[in-house]
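Residue numbers (the numbering used here): 122 to 358. Think of the CB as a built atom: it goes at the ideal place given N, C-alpha and C, for glycine as much as any other residue. Here the structure comes first, spelled out in structure tokens, and everything after it is commentary.
Below is the structure:
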């Protein structure tokens, strides 16, 4: 079996394990489709062949649906020979055409970008003032969704996005960027820039929203954070 074929199977398995359904099961409708309102058949999956990049659009889109069968996530599968940033703009356009809130890039061979997909309804996107006793799970920057494990990763993804869109922000004191690493907890950004990472979860979210606002985005609409209650909170510690 080819590397690409194994990758495709792994994505399918991860989705199934997380509660997503490719087919109608036990009275519940499928919540993964290839195009809006187009159900997947086994033949469609087989017809993709062994290489993601051979499909007509150059990338595969799975639409993940909510409990009302409305599209909420575009899942883009890319070969690990490409940067995970390569197809995000293509997927963003497609997501907007389907009124999807989130984009989820997946590279099965890349341990950094691939995590088990979030289960339907698992993550809370409520806007809070205090993120104490919360564990970060996902960050959505201007419609681009990225799974995370640590709060400092949110700031990294926000700042990298802003610097990618407008490199001139690197000279902005307002974003508190540094030309070289000053502290063991500094976050490495693109273009050799660093930013402070030793902050509380609440301060990280506040500073990230402030950076979005400085860059001309709507700080709450264009930056969303998905979280769950931390294990420490659950154990009453």
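Sorting 263, 351, 306 by C-alpha distance to the C-alpha of residue 216 places 263 at the top.
Only exposed fits residue 319, as fewer than 16 other CB atoms lie within 10 angstroms of its CB. Spanning the alpha carbons of residue 136 and residue 190 requires a straight line of approximately 16 Å. Using a C-beta cut-off of 8 Å, the stretch 333-341 makes contact with the stretch 270-290, since at least three inter-stretch Cβ pairs fall below that distance. Around residue 303, the same chain offers 315 as residues with beta carbons nearer than 8 Å, after the five sequence neighbours per side are excluded. Contact between residue 255 and residue 350 is confirmed by a C-beta separation of about 7 Å, below the 8 Å threshold.
Between the beta-carbon of residue 257 and that of residue 269 there is about 5 Å, and that keeps the pair under the 8 Å contact cut. Residue state for residue 247 is assigned as coil, using DSSP reduced to three classes. Straight-line spacing of the CA atoms in residue 142 and residue 152 works out to 5 Å.
Residues of the same chain with a CB within less than 7 Å of the CB of residue 145, apart from the 5 flanking positions on each side, are 151 in chain order. Excluding the 5 residues flanking it on each side, residue 341 has same chain C-beta neighbours closer than 8 Å at 248, 330, in chain order. Around the beta-carbon of residue 192, 16 or more other beta-carbon atoms lie within 10 Å, marking it buried. Judged by DSSP in its simplified three-state form, residue 313 adopts helix. In the DSSP assignment, residue 345 is bridged to 261. Judged by DSSP in its simplified three-state form, residue 308 adopts strand. The DSSP-derived three-state label of residue 218 is helix. Secondary structure note for residue 281: its alpha helix (DSSP H) is the uninterrupted segment 272-286. Within its own chain, the residues whose Cβ lies closer than 7 Å to the Cβ of residue 271, once the five positions on either side in sequence are excluded, are 257, listed in chain order.
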